[in-house]
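Heads up: the structure comes next, in structure tokens.
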Amino acid sequence: MPFDPHLPTRSQLRADQRAIGWWLLVVAAMIWAMVALGGATRLTGSGLSIMEWAPLSGTLPPLSQAEWQRLYDLYRTIPQYELVNQGFGLEGFKQIFWLEWAHRLWGRLIGLAFVLPLAWFWLRGRIPQGLKPRLVLLLLLGGAQGAVGWFMVTSGFEADRTAVSPYRLVTHLGLALLLYGLVLWTALNLFRPERNAPEHPAGLRRLVHGTAGLLVLAMLAGGFVAGIHAGLAYNTFPLMEGRWVPEGYAELSPFLLNWTANIAAVQFNHRLLATLAGAAALAAAFWGIRVLPVGFARGSLLALGLVVALQYALGVATLLLVVPAWLGTLHQTVAVGVLTAALAALHALRRPRHAAPVSRTRA
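For the sequence shown, counting from 1, position 319 maps to 319 in full-length UniProt numbering; every step adds exactly one.
Dropping the structure here:
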């Protein structure tokens, strides 16, 4: 093959991949923080305090007393003020305003942290050709998440509503988890491109896949718990008002409506899915410790078992203490840690595949 001085060397490609990988890890960490901030915003009832969608001008907070008063007067027109916060005054409004403003500002910063390095890597020709479609997809999903967030907020302005629609809330949460997972997985691909999983029983990989599925379902079920405030009821464990399956589990019709709108069913489902996922994660961790050599795969499974145990304990404590804002926020934050460990374990146990043709490089 003739020498081409314009082709990158293998060492240059590896350096570029690591640089892009570190950039994506920073973005993933920012999304993780965004999920935590979103939890705090929801638990403090701050999410409806800003009734305007202004991607550019909304970057700055109110800079005059008149602007503060204008935004406060807008807030006083929605049911949440009339039914929950009536009479709490401008100073009370400022307290909930700042958290929602910080949440939106952090979203804008995530956008900049993705777009600016993307443009720099792209213009300098440092992005591998096969990676470009994935990065464009991540960019589009990030933009969609901002739009879905505003779509969710507007549901809280409707008549007789004091909070956002639980369906839109779960959509917003689910898209955040999907975006986080794709960013993290892409970074892992760049740091660990080889599918060199240690020898292990095929059943272990299947167990980890099943565990990851249960964990995601438990997280989405937790979104419905948050959306209909189901954590404020049945504050005992493990029984729910003295029963394993609460009375009234199937009181709504059609039956499936119970899974999203019935407090008893929604909380029971979250408990059940979390318990099944926790048992599966611990089983995978013990199995991995027994059959895998010391390394990334074994460490990922051990981390998965530990963080799931921590998350389960936090969930029970949050329930028994009737959802204090700080503990509910911590519970939502650690949920992303659970997803992180699950994705790391899945990545470490990827099935080997036949080698694909490699892009041309200089030695």
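Using N, Cα and C, we set each Cβ at its ideal position, and we do this for glycine too.
Local conformation of residue i per DSSP, three classes
i, result
"residue 240", "strand"
"residue 104", "helix"
"residue 156", "coil"
"residue 117", "helix"
"residue 351", "coil"
"residue 34", "helix"
"residue 142", "helix"
"residue 88", "coil"
"residue 50", "coil"
"residue 133", "helix"
"residue 235", "coil"
"residue 70", "helix"
"residue 39", "helix"
"residue 18", "helix"
"residue 197", "coil"
"residue 45", "coil"
"residue 127", "coil"
"residue 374", "Here the chain covers residues 1 to 363 and nothing more, so residue 374 does not appear."
"residue 336", "helix"
Limits of the alpha helix (DSSP H) - the one that residue i falls within
i, result
"residue 76", "It is not in any alpha helix (DSSP H) - residue 76 carries neither H nor E in the DSSP assignment."
"residue 62", "Unbroken run through residue 62: none, as it is neither H nor E."
"residue 311", "296-320"
"residue 289", "263-291"
"residue 212", "202-227"
"residue 181", "166-191"
Rounded C-alpha distance that separates residue i from residue j
i, j, result
"residue 151", "residue 168", "7 Å"
"residue 374", "residue 220", "Nothing about residue 374 can be reported from this structure: the residues present for the chain run from 1 to 363 only."
"residue 305", "residue 341", "9 Å"
"residue 162", "residue 60", "26 Å"
"residue 282", "residue 75", "47 Å"
"residue 70", "residue 95", "16 Å"
"residue 291", "residue 200", "7 Å"
"residue 12", "residue 133", "21 Å"
"residue 15", "residue 54", "39 Å"
"residue 308", "residue 302", "10 Å"
"residue 46", "residue 180", "23 Å"
"residue 412", "residue 29", "Lying outside 1 to 363, the shown extent of the chain, residue 412 is not represented and no answer is given."
"residue 335", "residue 311", "7 Å"
"residue 79", "residue 48", "10 Å"
"residue 98", "residue 23", "28 Å"
"residue 256", "residue 268", "14 Å"
"residue 258", "residue 160", "21 Å"
"residue 66", "residue 154", "24 Å"
"residue 204", "residue 185", "20 Å"
"residue 173", "residue 217", "12 Å"
"residue 31", "residue 64", "31 Å"
"residue 41", "residue 105", "13 Å"
"residue 138", "residue 297", "26 Å"
"residue 385", "residue 348", "Since the first residue shown for the chain is 1 and the last is 363, residue 385 is missing from the structure and cannot be characterised."
"residue 19", "residue 320", "45 Å"
"residue 299", "residue 252", "45 Å"
"residue 243", "residue 194", "50 Å"
"residue 293", "residue 265", "42 Å"
"residue 17", "residue 295", "22 Å"
"residue 287", "residue 107", "39 Å"
"residue 239", "residue 27", "41 Å"
Cutoff 8 Å; reference residue i; Cβ partners in own chain excluding five residues on either side
i, result
"residue 175", "141, 144, 145, 148"
"residue 322", "231, 232, 235"
"residue 241", "234, 247"
"residue 92", "85"
"residue 115", "139"
Beta-carbon proximity list for residue i, same chain, < 7 Å, skipping 5 on both sides
i, result
"residue 25", "187"
"residue 38", "103"
"residue 170", "220, 223, 224, 227"
"residue 44", "96, 99, 325"
"residue 316", "237"
"residue 117", "23"
"residue 338", "215, 307, 308, 311"
"residue 370", "Shown here, the chain extends from 1 to 363; a query on residue 370 therefore has no answer."
Sequence-distant residues of the same chain with beta carbon closer than 6 Å to residue i, five excluded per side
i, result
"residue 50", "100"
"residue 222", "270"
"residue 262", "252"
"residue 284", "207, 208, 211, 301"
Cβ-heavy atom distance, residue i to the ligand NAP, below 8 Å
i, result
"residue 233", "The ligand NAP is absent from the structure shown, which contains no ligand whatsoever."
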